[in-house]
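Residue numbers (the working numbering), protein chains in the order written: chain F, 280 to 535; chain C, 523 to 898.
Notes follow once the structure below has been shown.
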Ligand code: SF4
Ligand code: SF4
């Protein structure tokens, strides 16, 4: 079973202080750490688990500049067999990313394509679905369980309100993977250093036969912080005081 | 050191074990987990149990307090064996999820909690501390991860800064450039990450022309003093510095403490590095500080269970926590304050004093705080 996993390198913002660049077109990134998109980590792990069951090859694929190599190395350390990087700044437009990925994917045989549900940075959630459309194969999004049997995948999808959908889907297909589908393993530094020796192929748009700037990439006009909600109350004081206030609020709410 | 299946019985001197059971007898988690060092030594000697070891949660219960190794009459390297087993598991990716997060956070943000690197020195903003890069000094005050980020331990770092300033000590901190010392990282089994931290930190210290290091935590002290292969710089735990400042007349007490204090020896300061006298000397010089010694003190101090990565581990032990037993010991002695000199001890005791409902009977303090209170 040959599985292709599409991944992305993203800046980690959860704990960080976020500032906006002077031109208002992006956030400042020079003080941020970058990592493998969380969803993609689950997708790679799922691919490796499937490979352990059915054998075959796991290929990781990304569009991105030189720095993106580090996330591919991480994927290789997680058990992927080889990696391909398309040398190009990461497009803003999910559709363009999908078109680029499709060009490479179409050149070889595969049984399954996994992507993360969405990327932590732009959160479009488009690449997997657009990719299936371009390749003309079925897809399922927000997948929380995969069972492969006889050229078909039985998958569970997460719906709103705690509902789940059970689908049977013909392979090859694209599945976008939800976090929590598996328990990620620790990726040791020793494994990462070892993975640096595994094969990573680098290709330009020209080499994959894709003419750049067609279709046009989306451009970002402006980024801004969301306005502070009226009902948000920020508690002030020492941790002890804040906890005291919070306890009072919870007590009040509980009573009402 | 790595587990090499062919040589590990010799590497860790397992063949010297006489099965006396001293190791297990002194183990602070023996009642709280199935961890049994005597059995572990025997099993690893006779069989190749590594594949099955990954299934055993008790491997993560060890606090690396080192009581077993220090007391072993045959010189078996028990703790090193345990860390090597963890290393074997870490390299296979088979570590508990909370340990995994701590290790990944350290690689990414330079601290096991994954807090933002740029915020590492926020605690010092209003204190007028010199930061390497903007200023220079021969003495590095290496703050450490918990004192940089944990609000409770930030109070210890702040107290130390005030004391040093008060006593005219010239020093600087690394600010955002400070990264985890790696002491607990090595103990959680990530030897490669420890090596990287040791190398990067050593290069940074040398580049900045640092001649001497002071640490808040006994854990950082232990790493720099005993486990950084190329550092070769004098390292002092802050208690050693304070004794010197008091004895040379640079630090004057201006207030009375007016309470009774007992002292808990942190494993990494006391039994592992034999710094027993300095904390006691400091307490003895604080005016109106009635010192009381607990029965289990010095080498026999009861491990608080904060070391060896236990700060980031979940479960694996059951029953009453040692920190709570320790609090009760201090209370029954009649002490009004339980003092210690380690961020992890401080945090485990602060938790336990609350969960045991004894917060109105005893206060948990770091020695640095007691000195700061009485020298202002
Ligand atoms: S204390 Fe040493 S000799 Fe005694 S059982 Fe433990 S490892 Fe063996
Ligand atoms: S280091 Fe401490 S906790 Fe670990 S096995 Fe030895 S005595 Fe027990």
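Every residue gets a Cβ at the ideal spot worked out from N, C-alpha and C, and that includes glycine.
Item, Value
"Who are the Cβ neighbours of residue 437 (chain F) in its own chain at under 6 Å, not counting the five residues just before and after it?", "421, 423, 457"
"Using a beta-carbon distance cut-off of less than 8 Å, what residues from the stretch 627 to 639 of chain C approach chain F?", "629, 630, 631, 636, 637, 638, 639"
"If you drop the 5 nearest sequence neighbours on each side, which residues of the same chain put their C-beta closer than 6 Å to that of residue 668 (chain C)?", "675, 865"
"Is residue 542 (chain C) a contact residue of ligand 1, with contact defined as CB to any heavy atom under 6 Å?", "yes"
"Mind checking if residue 837 (chain C) is an interface residue toward chain F, Cβ cutoff 7 Å exclusive?", "no"
"If we call anything under 7 Å between Cβ atoms a contact, is residue 705 (chain C) one with residue 741 (chain C)?", "yes"
"I need the straight-line Cα distance from residue 763 (chain C) to residue 843 (chain C), nearest angstrom please.", "32 Å"
"So residue 754 (chain C) is in the beta strand (DSSP E); what residue range does that whole segment cover?", "No beta strand (DSSP E) contains residue 754 (chain C), which DSSP labels as neither H nor E."
"With hydrogens ignored, establish whether the beta-carbon of residue 588 (chain C) is closer than 6 Å to any heavy atom of ligand 2.", "yes"
"Check whether the Cβ of residue 850 (chain C) lies closer than 7 Å to any Cβ atom in chain F.", "no"
"Can you look up residue 371 (chain F) in the DSSP assignment and give me helix, strand or coil?", "coil"
"Please identify, using Cβ separations under 7 Å, the residues of the stretch 508 to 527 of chain F that lie next to chain C, in order along the chain.", "518"
"Sort F:356, F:435, F:367, F:328 by Cα distance to residue 347 (chain F) and report the nearest one.", "F:367"
"Could you compute how far the alpha carbon of residue 343 (chain F) sits from the alpha carbon of residue 319 (chain F)?", "15 Å"
"Within 7 Å (strictly less), CB to CB, does residue 615 (chain C) reach chain B?", "The structure shown has no chain B; the protein chains it does contain are F and C."
"Please list the terminal residues of the continuous beta strand (DSSP E) segment that includes residue 673 (chain C).", "Note, residue 673 (chain C): premise wrong, no beta strand (DSSP E); alpha helix (DSSP H) at 673 to 688."
"Classify residue 405 (chain F) as buried or exposed, calling it buried when 16 or more other Cβ atoms lie within 10 Å of its own Cβ.", "buried"
"Looking only at C-alpha atoms, which of F:379, F:396, F:451, F:303 sits nearest to residue 388 (chain F)?", "F:451"
"Strictly below 7 Å CB to CB, what residues from chain F border residue 625 (chain C)?", "465"
"Going residue by residue through the stretch 305 to 361 of chain F, where are the continuous beta strand (DSSP E) segments of at least 3 residues, counting only ones entirely within it?", "313 to 315, 336 to 343"
"Exposed or buried, residue 430 (chain F), counting other C-beta atoms within 10 Å across all chains shown (16 or more means buried)?", "exposed"
"Can residue 596 (chain C) be considered in contact with ligand 1, in the sense that its beta carbon sits closer than 6 Å to one or more heavy atoms?", "yes"
"Show which residues of chain F have a CB atom less than 8 Å away from the CB atom of residue 718 (chain C).", "468"
"With hydrogens ignored, establish whether the beta-carbon of residue 559 (chain C) is closer than 6 Å to any heavy atom of ligand 2.", "yes"
"Which residues of chain F have a Cβ atom closer than 8 Å to the Cβ of residue 622 (chain C), listed in chain order?", "463, 464, 465"
"If I measure Cβ to Cβ from residue 525 (chain C) and keep anything under 6 Å in the same chain, skipping five residues before and after, which residues do I get?", "606, 610"
"If I measure Cβ to Cβ from residue 624 (chain C) and keep anything under 6 Å in the same chain, skipping five residues before and after, which residues do I get?", "634, 834"
"For the stretch 398 to 422 of chain F, which residues have a CB atom closer than 7 Å to at least one CB atom of chain C, in sequence order?", "none"
"When DSSP labels each residue in this structure, what does residue 862 (chain C) get in the three-state scheme?", "strand"
"When you compare only the Cα positions, how much space is there between residue 541 (chain C) and residue 556 (chain C)?", "17 Å"
"Say yes only if the C-beta of residue 826 (chain C) is nearer than 6 Å to one or more non-hydrogen atoms of ligand 2, and no if none qualify.", "no"
"Within its chain, find whatever has a CB closer than 8 Å to the CB of residue 380 (chain F); leave out the 5 residues flanking it on each side and keep chain order.", "285, 340, 342, 365, 406, 410"
"Is the beta carbon of residue 791 (chain C) closer than 7 Å to that of residue 797 (chain C)?", "yes"
"Can you give me the C-alpha to C-alpha distance between residue 874 (chain C) and residue 384 (chain F), rounded to a whole angstrom?", "57 Å"
"What did DSSP end up calling residue 297 (chain F) once you bin it into helix, strand or coil?", "coil"
"Looking at C-alpha atoms only, which residue of C:691, C:827, C:739 is the closest neighbour of residue 679 (chain C)?", "C:739"
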